[in-house]
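Trainee:
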Amino acid sequence: MMKKDLTFIGMKGSAVRADQNLLNLTGAKLKVDGVFGPKTKTAALKFQELHGLYGDGVIGPITRYELMFYKYPHFNKEEFKCHCGGRYCSGYPVQVKEALLVLLEEIRKACGNKPVTINRGISCTKHNATIPGAAKDSQHIYGTAADITVPGISDKELDQICLRLNPNGGVGISYGRHTHIDARGVKARW
Ligand SMILES: [Zn+2]
1 MMKKDLTFIG MKGSAVRADQ NLLNLTGAKL KVDGVFGPKT KTAALKFQEL
51 HGLYGDGVIG PITRYELMFY KYPHFNKEEF KCHCGGRYCS GYPVQVKEAL
101 LVLLEEIRKA CGNKPVTINR GISCTKHNAT IPGAAKDSQH IYGTAADITV
151 PGISDKELDQ ICLRLNPNGG VGISYGRHTH IDARGVKARW
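Quick note: the sequence shown, position 109, residue 109 per my numbering, numbers continuous.
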């Protein structure tokens, strides 16, 4: 963990401002002034306590990851948990990448705000290896992929929405199962 990823009491600047905005999404009523003072620390501690995080009032990658989900209110961390059931990993071997959440919110909106079902989010490397037909270097290992269905939207329709909304990522069409999407950063189709 690099020090530049942390914000804490006494710090000033745009990183603090960004974290204050995130804390405000959780119900804190901070003045977004870019100054990490006692009120910001109290809000950070309160958030950490609420989420079972180490309570030091310092905002680093782990706390910020929990905060990030408040920007994407229709999805939560648990939906992306590895399906190995604790056999090989804690369920969260990597973090879900923000670009995937952005894409999922866009897809949900394009589906008339119908809830998106995450059939598979993160897979740890060992669990991924047990999935028939899964690519060895699957995007699910990196927290960039989700296999989705949307109740009320046909598979074909969902495929088309994903193809349209994800020009710079991966789309694997459903074949009657689920549509794979990923935010790998380059176009991929299958
Ligand atoms: Zn696992």
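Glycine residues also receive a C-beta, built at the ideal position from the N, C-alpha and C atoms.
Only a predicted model underlies this, so the values are computations on that prediction, with no experimental measurement involved.
Rounded to whole angstroms, what is the Cα-Cα separation between residue 74 and residue 105?
Mentor: If you take the alpha carbons of residue 74 and residue 105, they lie about 7 Å apart.
Trainee: For the beta strand (DSSP E) holding residue 144, just list the boundary residues, first then last.
Mentor: No beta strand (DSSP E) contains residue 144, which DSSP labels as neither H nor E.
Trainee: For the 8 Å Cβ check, are there 3 or more pairs between the region 105 to 118 and the region 162 to 181?
Mentor: They touch, by the three-pair rule.
Trainee: Out of curiosity, what's the CA-to-CA distance linking residue 91 and residue 85?
Mentor: About 7 Å.
Trainee: Tell me, which residues are paired with residue 149 by DSSP?
Mentor: Answer by DSSP bridge pairing, in chain order: 117.
Trainee: For chain B, find out if any of its Cβ atoms is closer than 8 Å to the Cβ of residue 17; answer yes or no.
Mentor: The structure shown contains no chain B, having only a single protein chain.
Trainee: Secondary structure at residue 155, three-state DSSP: helix, strand or coil?
Mentor: Looking at residue 155 - three-state DSSP - the assignment turns out to be helix.
Trainee: Flag residue 88 as yes when its Cβ comes closer than 7 Å to any non-hydrogen atom of ligand 1, and as no otherwise.
Mentor: Correct: residue 88 has its Cβ closer than 7 Å to ligand 1.
Trainee: Under a Cβ-count criterion, where at least 16 other Cβ atoms within 10 Å of its own Cβ denotes burial, should residue 102 be classed as buried or exposed?
Mentor: It is exposed - the Cβ of residue 102 has fewer than 16 other Cβ atoms within 10 Å.
Trainee: Whole-angstrom Cβ separation of residue 69 and residue 81, contact assumed at under 8 Å?
Mentor: Residue 69 to residue 81, Cβ: 13 Å. No contact.
Trainee: Would you kindly report the start and end of the unbroken beta strand (DSSP E) that includes residue 180?
Mentor: First-last of the beta strand (DSSP E) with residue 180: 179 to 182.
Trainee: Across which residues does DSSP place residue 170 in a beta bridge pair?
Mentor: For residue 170, which the question treats as bridged, DSSP gives the partners 182, 188.
Trainee: Quick one: measure Cβ to Cβ for residue 148 and residue 117, integer angstroms, because I've assumed they're closer than 8 Å.
Mentor: Contact flag correct, Cβ pair sits at about 6 Å.
Trainee: Distance check for residue 141 and residue 150, CA to CA, integer angstroms please.
Mentor: Whole-angstrom Cα-Cα distance: 23 Å.
Trainee: Can you tell which of 128, 123, 129 has the C-alpha that lies nearest to the C-alpha of residue 143?
Mentor: Comparing Cα positions, the closest option is 123.
Trainee: What is the rounded straight-line gap between the Cα of residue 185 and the Cα of residue 172?
Mentor: Near 15 Å, if we compare the C-alpha coordinates of residue 172 and residue 185.
Trainee: Measuring from the CB of residue 82, is there a heavy atom of ligand 1 at a distance below 7 Å?
Mentor: Flag set: Cβ of residue 82 near ligand 1.
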